[in-house]
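Chemist: Dumping the structure here so I can ask a few things about it.
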Amino acid sequence: MRTFVSLAAAWALAIASAPVAADEAQIAVAANFTAPMKAIIAAFEEDSGHSVRASYGSTGKLYAQIKNGAPFQALLAADQKRPRLLEEEGVAVAGSRFTYAVGSLVLWSADSHRVVDGPALLKAGDFDKLAIANPKLAPYGEASMQTMDALGVKTAITPKLVMGENIAQTFQFVDTGNAEAGFVALSQVMEGGEITKGSGWIVPGGLHNPIRQDAVILQSGNDNAAVIGLFEYLKGEKARGIIHGFGYETEE
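Following the working numbering, the numbering of the sequence shown begins with 2 at its first residue and continues without gaps.
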């Protein structure tokens, strides 16, 4: 005797066994975090089934774009100031902000022999151009100015500075040889716990304000499962392992 399943029962079975619909997150990410974010997105998409579209740039410029209505659903900034402002202005979801990474600054050159003693190089001024990110837009640029001030070399070096709009452009200035050296994010030259090319001096944290990088969900992403899932993923072991591998620290 054959057992027949009704059409209604078949539909119910199909719906029950279907995967939860995937969502897409549209996020803005500070340029210094480009490499680790790409790795985290790849892992998150594979593990969750959701998708993520990321735009990278200076924190100041991304903040301005968000204020002007750019369709982002979350911001991963290079500072704490802009995410906090977005909360205060009602653009971001209150209580969603957290520190996802603490960055490190490095004086770096594409020449593997140039940066042997970072402070000595800066004090000698043995270069024509030194690249930094625009300190008005990029927290890493602000930290660069604080470092030079702490070492007593800011006045002498200022005429030699070339400024990138963000830390990614700053790295390009140095990587292409348009500047002999520059202050960049450690994550741009480190992978697997080691500086992979050129030569660099990791700036001690005491020479500048801590580069605490905060993430915040915007009101437009409040009900988006991909955004919410990504923020939880950033706090998890796999994402934190990727973050540490690119030279960042994390906070509990």
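Backbone N, C-alpha and C fix where the C-beta goes; we use that ideal spot for every residue, glycine too.
Excluding sequence positions up to five away, which residues of its chain have a Cβ less than 7 Å from the Cβ of Gly183?
Modeler: Same-chain partners within the cutoff: Trp109, Leu131, Ala132, Ile133, Thr171, Phe174, Val175.
Chemist: Whole beta strand (DSSP E) runs in the region 48-118 with 3 or more residues, listed along the chain?
Modeler: Runs of the beta strand (DSSP E) inside the region 48-118: 52-58, 75-77, 99-104, 106-110.
Chemist: Taking 8 Å as the cut-off, does the region 191-198 touch the region 146-156 (at least 3 CB pairs, one atom from each stretch)?
Modeler: No, they do not touch.
Chemist: Tell me, please, whether the region 58-74 touches the region 38-46 by the rule of three or more beta-carbon pairs shorter than 8 Å.
Modeler: Verdict: no, contact absent.
Chemist: Per DSSP, which residues does Ser145 bridge with? Please list them.
Modeler: None, per the DSSP bridge assignment.
Chemist: Taking just the CA atoms, how far does Ile212 sit from Ala226?
Modeler: About 29 Å.
Chemist: Have a look at Leu187, Leu138, His51, Phe128 and flag the residue whose alpha-carbon is nearest the alpha-carbon of Glu166.
Modeler: Checking every option, the nearest Cα to that of Glu166 belongs to Leu138.
Chemist: Quick one, are the C-beta atoms of Ser105 and Ile244 less than 7 Å apart?
Modeler: No, Cβ-Cβ distance for Ser105 and Ile244 is not below 7 Å.
Chemist: Can you list, in chain order, the residues of its chain whose CB lies under 8 Å from that of Pro20, leaving out five sequence neighbours each side?
Modeler: Low per-residue confidence applies at Pro20: pLDDT is 44, beneath 50, and the placement is therefore not dependable, though the value from the model is reported in the following sentence. Gly50.
Chemist: Terminal residues of the continuous alpha helix (DSSP H) containing Glu233?
Modeler: Segment 226-235, the alpha helix (DSSP H) holding Glu233.
Chemist: Roughly how many whole angstroms lie between the Cα atoms of Ser117 and Val190?
Modeler: For the sequence presented, residue 117 should be read as Val rather than Ser. The alpha-carbon atoms of Val117 and Val190 are separated by roughly 16 Å.
Chemist: Taking all protein chains shown into account, decide if His209 is buried (16 or more other Cβ within 10 angstroms of its Cβ) or exposed.
Modeler: Buried is the call here.
Chemist: Look at the alpha carbon of Gly178 and the alpha carbon of Ala111, and state the distance between them as a whole number of angstroms.
Modeler: Gly178 and Ala111: Cα-Cα distance of roughly 7 Å.
Chemist: Should Pro160 be labelled buried (16 or more other beta-carbon atoms within 10 Å of its own) or exposed?
Modeler: It is exposed - the Cβ of Pro160 has fewer than 16 other Cβ atoms within 10 Å.
Chemist: Looking at the structure shown, is Leu152 part of a helix, part of a strand, or coil, going by DSSP?
Modeler: Helix, per DSSP.
Chemist: Tell me whether Ala144 is buried or exposed, calling it buried when 16 or more other Cβ atoms sit within 10 Å of its Cβ.
Modeler: Buried, by the Cβ-count rule.
Chemist: Between the beta-carbon of Ala36 and the beta-carbon of Ser221, is there less than 7 Å?
Modeler: Cβ atoms of Ala36 and Ser221: not closer than 7 Å.
Chemist: Using three-state DSSP, classify Ala10 as helix, strand or coil.
Modeler: Here Ala10 scores only 46 on pLDDT, less than 50, and its place in the model is too uncertain to base an answer on.
Chemist: Suppose the cutoff is 7 Å on Cβ atoms and the five residues either side in sequence are ignored; what does the same chain contact list for Leu162 look like?
Modeler: Closer than 7 Å at Cβ, skipping near neighbours: Leu131, Ile133.
Chemist: If we count the other Cβ atoms within 10 Å of its Cβ and call it buried at 16 or more, is Phe73 buried or exposed?
Modeler: It is buried - the Cβ of Phe73 has at least 16 other Cβ atoms within 10 Å.
Chemist: Determine the closest residue to Asp48 out of Gly207, Gln147, Gly230, with distance taken between C-alpha atoms.
Modeler: For the residues Gly207, Gln147, Gly230, the minimum Cα distance to Asp48 belongs to Gly230.
Chemist: What do you reckon, are the CB atoms on Val217 and Arg98 nearer than 7 Å?
Modeler: Yes, the pair counts as a contact, with Cβ atoms nearer than the cut-off.
Chemist: Can you find the residues in the same chain that come closer than 8 Å, C-beta to C-beta, to Glu192, ignoring five residues on each side of it along the sequence?
Modeler: Only Ala36, Gly246, Phe247 meet the Cβ criterion.
Chemist: When the Cα of Asp24 is compared with those of Ala71, Gly237, Asn223, which residue comes out closest?
Modeler: Minimum Cα distance to Asp24 is reached at Asn223.
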